[in-house]
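Reading through the structure tokens given below for one structure.
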Amino acid sequence: MINPKNPFTVGKTVPPERFVGRKYEINSTFAQIANNSHVAIWGSSGMGKSSLLEVLKSPEVWQKRGFDPSTIIIVYFSCLSLEPFLASKFWREILNLLAEKFQKDTSFYSEINTLLAKPEVNKDDFRQALRLIGEQNKYLVLLVDDYHVVMDENSQYQVENIEEFLGECRSLAHYSEESKYLSMIVTSLRRLNDIGPTLKPGKSPWYNHYFFIPLKPFTEKEVVNVLSGLPMTAELRDGIRESYFSNPIS
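Counting in our numbering, the sequence shown runs from 98 upward without gaps.
This is how it looks when you write it as structure tokens:
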């Protein structure tokens, strides 16, 4: 519910209870998850990508959609937390987050820690974790924020490494036996095929397993929903709307 004194959230993601609009985007994302598919959400900075992922993290939202939250494992990770980005670091961090989720499950926790004890973690270790999740009749929704970071080269992560990592993600999501236990939802500043490596002749697009959802400026109805009922003049309300060009007001 919007705070009548101050509807604005500054410098952080909007909590689910204050989130407004984006019904099409949320409905589309849940529809893809229900079909064991994957989503790539893209939009400019400040458009509300991370706030949308916050909504997807909420067990109450899942329950309202008819899902059993006890069967859904939700893991959120921002690629900005890895500097520099390396594929092995990415897989290790995801396994660490899974271990945190399963601290009370002694068997699962032990098996994940065995994988983490390896000098270097890779996609096959993540596949093993997915297999364990499937054996418990659960399903992993992996929310990866700031996915555009994986396209940036560094001294230890060159074009060939980027191509390999993207290929691994496609293989996990589309070809592996464990893919039936996974939906991957990623966000980026631009559409993935506009920022990733150039396709090579004869190779399948590394991004074509994603359902693309652009985050556009708020509709007039959504802006009215945020500003309605607030103690302000019509002139001030119109000025705010014009100043933000209908972008999410945060």
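Where is the CB? At the ideal position from N, CA and C, for every residue including glycine.
- Y236 sits in a strand when the DSSP states are folded into three classes.
- Inter-residue distance for A196 and S325 is about 44 Å (C-alpha atoms, whole angstroms).
- Along the length of the stretch 117 to 172, whole beta strand (DSSP E) runs at least 3 residues long occupy 135 to 139, reported in chain order.
- Taking the Cα positions, A131 is about 28 Å away from L177.
- As computed with DSSP, N251 is found in a beta bridge with Y254.
- Per DSSP, reduced to three states, the secondary structure at F315 is coil, with no helix or strand assignment.
- According to DSSP, S285 shares a beta bridge with W139.
- Here the C-alpha atom of V247 lies approximately 44 Å from the C-alpha atom of M329.
- Taking a contact to require three or more Cβ pairs closer than 8 Å, the stretch 144 to 151 and the stretch 252 to 270 do not qualify as touching.
- CA-to-CA, the gap between K220 and L153 works out to about 24 Å.
- In terms of CA proximity to I169, N133 leads the group P311, N133 and F308.
- The beta carbon of L179 is closer than 8 Å to those of K186, F187, E190 and V246 in its chain, skipping five residues each way along the sequence.
- The Cβ atoms of V172 and L240 sit closer than 8 Å to each other.
- Under the criterion of beta carbons closer than 8 Å, I138 and L312 qualify as touching, at roughly 6 Å.
- Taking all protein chains in view, the Cβ of E274 is surrounded by fewer than 16 other Cβ atoms within 10 Å, so the residue is classified as exposed.
- Contact between Y307 and V117 does not hold, since their C-beta atoms are separated by about 26 Å, which reaches or exceeds 8 Å.
- Taking the Cα of S167 as reference, the smallest distance to any Cα among T211, N234, E208 and I282 is reached at N234.
- If you draw a straight line from the Cα of E217 to the Cα of Q129, it is about 32 Å long.
- Counting only residues of its own chain and dropping the five nearest sequence neighbours on each side, P302 has a CB closer than 8 Å to the CB of N290 and L296.
- For S207, the three-state secondary structure derived from DSSP is helix.
- The three-state reading of DSSP puts F174 in strand, counting E and B together.
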